[in-house]
Structure formats: C-alpha cells, structure tokens
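So the sequence shown is residues -21 to -1, 1 to 271, counted in mature numbering (1 follows the signal peptide of the UniProt record, and there is no 0). Ideal Cβ positions, reconstructed from N, Cα and C, are used throughout, including at glycine. Working notes for the structure below.
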Amino acid sequence: MKPFSSLALCSALVISLLSLAGIAEEPLRWKLEKGQRFQLQTQQQTESQVSYATKKLPSSVNLLLHVSWEVQEAAAEKFVVAQTIDSVRIEMKGQGDNATVYDSRERKAVVGAAKDLAAAVAPLLGAKFTFTMTPLGEVAAADQVSVEGGAGIPGLNQESINQLLKQSLLPLPKSFEGSTPAWTDERQATAALGVVKQKRTFTLAGMEDRAGQPAAKITVTGELELTPVADRKGSPKLKDQSFSGTIWFSREAGRLLTSETKQRLVTESAYRDSTINVDLTTTITSTLTPRE
C-alpha cells in the first residue's frame, strides 16, 4: 500500500473512532412528549419449509399491522402511551395454493378462505391498550389485548399478538462500559415450540442519515435457548439458529426511526418413524413516524 493511501486510511479510521466515541459519551434516551402522536407500522414476514421423508412443504405468512400511538403522560421516569390497532393485513400461502389475503382497509366483500382470516382479525381492529415505558425503552407495564378466534392461525393467537405489540422496540443502556459501545438485553416468550429465551447484543455502529435526519445506527445479534413443552412426545429440538438486524434511532427526537431484524430457526422432531425438520425464517420491519 502506498504511503499516502495508508495515511488516508489511518485518518479515516481515527475520524470514525472519534465520532463513535462522541456518540457513546452522550447516552441514548427515549424523549417522548405528552400529546405526541405516531404511527407504528410493523411488517412480519415468515417463510417456513417442513421436510419429512421425501416431502417438502413450503408455506408463508405475512402480517402487516398499523398501530396508532398517543403519548398520554410524559415524565422524567416514564411515558404512558395509548395504542390503537388501526388496520391488519394478513396473507397466507401453502404449497401449490393461491394466496389467501385479508386486508381490513379494503371495503370489498370477503369470500372463501379469507372469511376465516376476517373473523380472526375482527377482534383486533380498534383494540386499545396502554403501556408504560421508561426512557431506557423498557416496557414496565402493559394492558392485555383480548383476541378471540385466531387460535388456529399462525401469528394471530392472543399470546403472539400481545408479545408482538408489547415487546420493547429498542432497549437502551444506562451507560456504556469499556471501549466498545455495546449492551445486552434478555427476554422470554412463549411459542408453539415451547419457552424461548433470547439474549440480544446491541452495538452502536456510528451515525447515518435516515429519513432525512441523522440517526444512531445500532446493530443487533442474538442467541436463543429453547425449552420444549413439558410432557409432550416428539417435542422439537433446536438444531440451528441465527438472529441479526439493524436499528436506526434519532438521538435528537429521542425515538426509534426504523428497525429491521431477521431470524432463522431450524428444528427437528420425531413423528412415528419419521424425522420432521422445520426451517423457519422471520423478518420483522418496524417504522415509527409522527402523525398530525
């Protein structure tokens, strides 16, 4: 490498490190104000492939939620936010099937298999609940959303909806320790596979322009620990996994801008004389934007 190239590279590295150090010195905090209104759009796309014997059965479920936020209280220690589910769109497709789609925003008559989706979605529309969040992004308390009729549809049972709506969009650290601006978060959820514990590691990666404003870029990786349902034969075992994503947070506005995460789970279970393998990939994109 030529001397001037080495010098340029070193200079760029020093500038990058100094910039990162400056970001880390000022803590990231949620800064909501009473009366603020936002729309949270969450899109969850799930691709699944079930393999057993010589058969492979692909399927997909895509869920789109539009949720209104209104900040009811704002204090130094907490924010109380009221949420309302405005619309739901769900699309399901199995091997060789035409996609079944229901969109609550459409006014046309619902026919065929979409009627089942409409019946499952109906209790969600207009559902309201409040949650309390700290400036560190921790959800300290939350109402329970009542969902009936969706137990047989992936992603629409009461447990799944409550977990999706109440999970922290972005937990933040009290401070950074050591030379690397990173922090961890642990959470637990109940799923069809059993009890899932997840440990996530967040790393402050610098500043980027996002939606026309400077934003802290945060990368995230994670690991899962699965405890299968007790006393159930053929409970799945976790064979492989991965979790990663990127989050953009506005320091000035004190809120999330966008987050994108992708998780892959590979499980194996026994059924009679066969082994069933399930390869599941879930991508979640969330965007929080101001509303008038």
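Could you tell me the distance, in whole angstroms, from the CA atom of residue i to the CA atom of residue j?
i           : j      : result
Ile263      : Val60  : 22 Å
Glu127      : Ala99  : Summary for Glu127: the model assigns pLDDT 49, below 50, so the residue's position carries little reliability, and this model does not support an answer.
residue 299 : Val199 : Lying outside -21 to 271, the shown extent of the chain, residue 299 is not represented and no answer is given.
Glu231      : Thr261 : 31 Å
Val257      : Arg243 : 10 Å
Ser214      : Ser248 : 6 Å
Glu204      : Thr225 : 22 Å
Thr79       : Gln24  : 15 Å
Arg86       : Val245 : 39 Å
Asp122      : Tyr31  : 41 Å
So, is residue i buried or exposed, given that buried needs 16 or more other C-beta atoms within 10 angstroms?
i      : result
Val208 : exposed
Gly116 : buried
Pro193 : exposed
Ala88  : exposed
Leu36  : exposed
Ala93  : buried
Tyr81  : buried
Ser253 : exposed
Pro269 : exposed
Gln167 : exposed
Thr159 : exposed
Thr169 : exposed
Gln74  : exposed
Gly201 : buried
Val67  : buried
Determine the DSSP secondary structure at residue i, reduced to helix, strand or coil.
i      : result
Leu115 : coil
Lys94  : helix
Val100 : helix
Glu271 : coil
Thr33  : coil
Val89  : coil
Glu49  : strand
Leu7   : coil
Ser214 : coil
Leu236 : strand
Pro150 : coil
Compare the beta carbon distance of residue i and residue j with 8 Å and say whether it is the shorter of the two.
i      : j      : result
Ser265 : Leu19  : yes
Lys153 : Thr113 : no
Arg189 : Thr237 : yes
Ser235 : Leu267 : According to the sequence shown, residue 235 is Leu rather than Ser. Going by C-beta atoms, Leu235 is nearer than 8 Å to Leu267.
Ile255 : Val29  : yes
Val118 : Ser147 : yes
Leu96  : Ile69  : yes
Leu42  : Ala195 : no
Ser47  : Arg84  : no
Ser39  : Lys72  : yes
Lys107 : Gln51  : no
Gly233 : Lys10  : yes
Lys13  : Ala53  : yes
What residues match up with residue i in a beta bridge as DSSP calls it?
i      : result
Lys196 : Gly185, Trp227
Ser253 : Tyr250
Leu43  : Gln22, Arg68
Val174 : Thr169, Thr206
Ala161 : Thr182
Ala121 : Phe110
Asp219 : Val245
Gly73  : Ser38
Ala61  : Glu49, Thr109
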